[in-house]
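Counted the way mature numbering (1 follows the signal peptide of the UniProt record, and there is no 0) counts, the sequence shown spans residues -32 to -1, 1 to 138.
A quick write-up on the structure given underneath.
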Amino acid sequence: MAPTVRARHPPLRLLLLLLAALLIAQFGPGAAATVKISSHGSNNASGSPSEQTMQNLSTHILDTTRGRPAAEVPVTLYRQTTSQTWTKIGAGITDGDGRFREFFAADGPQPGLQTGVYKLHFEVGSYFRSRSVESLYPFVEIVFVVVDPAQHYHIPLLLNPFGYSTYRGS
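Have a look at this one:
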């Protein structure tokens, strides 16, 4: 059963979410991957508290030519199926700090990372075109393996118009 977190103030809510994530990590992959959050006592249309997923994946893009975060880059997460095809899990756009972490929607195909092979697809061509910068890459895909879904996976992208690098962050 998913833990229920109730808090009226955002800092307390964040602290309770972190505590819930630690509890899930402590009790292993068999623990629930969703955390129910109630804010100001509000409920959704069904009358139950709104549900938020466990965001155990994040990414961050740094434009190494500019020495700045790469904002407004479309990013999509896919999971490889047993038939070697890719299923879209979630998508969004990097924020002003070049970060995105909301890959898992409550009504999406899965509540958080599970064991398997994933890829992040970054539409970097549009980022460079919007800055009138010539680039070799229309997109970048980073394929990675999730062995322990109880861990947080941070996948940064260091980017410039003619090269890129990645690593497992913390």
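Beta carbons are placed, not taken as given, at the ideal position from N, Cα and C, and that holds for glycine.
| query | HIS89: which of ARG99, HIS120, SER98, ILE110 sits nearest, CA to CA? | reply | Relative to the Cα of HIS89, the nearest Cα in the group ARG99, HIS120, SER98, ILE110 belongs to ILE110.
| Who are the Cβ neighbours of PRO124 in its own chain at under 8 Å, not counting the five residues just before and after it? | Hits under 8 Å: THR27, HIS28, ILE29, LEU30, THR134, TYR135, GLY137.
| Which of helix, strand or coil does DSSP assign to PHE96? | Taken through DSSP and simplified to helix, strand or coil, PHE96 comes out as helix.
| message | Looking at THR32: is its Cβ nearer than 9 Å to the Cβ of LEU104? | response | Using a Cβ distance threshold of 9 Å, THR32 and LEU104 do not count as a contacting pair.
| said: Let me confirm a value: ALA74 is counted as buried when at least 16 other C-beta atoms fall within 10 Å, else exposed. Which label applies? | reply: Exposed, since its Cβ has fewer than 16 Cβ neighbours within 10 Å.
| Per DSSP, cross-strand counterpart(s) of ILE110 | Looking at the DSSP output, ILE110 bridges to LEU88.
| Inter-residue Cα distance where the pair is THR49 and GLY80 | Distance between the alpha carbons of THR49 and GLY80 is about 16 Å.
| Proximity winner among PHE96, ALA38, GLN82, relative to ASP65 (alpha-carbon distances) | Comparing Cα-Cα distances from ASP65 to each of PHE96, ALA38, GLN82, the minimum goes to ALA38.
| request: Let me know the secondary structure DSSP gives ALA59 once reduced to three states. | output: In this structure, ALA59 counts as strand in the three-state DSSP scheme.
| field | DSSP beta-bridge partners of GLN48 | value | In the DSSP assignment, GLN48 is bridged to TRP54.
| Per-residue DSSP class, three states only, for HIS122 | In the structure shown, HIS122 sits in a strand (DSSP, three-state: E or B).
| message | I'd like to check one pair, VAL92 with VAL114: are the Cβ atoms closer than 9 Å? | response | Between VAL114 and VAL92, the CB-CB gap reaches or exceeds 9 Å.
| message | Can you give me the C-alpha to C-alpha distance between PRO117 and GLN23, rounded to a whole angstrom? | response | The alpha-carbon atoms of PRO117 and GLN23 are separated by roughly 11 Å.
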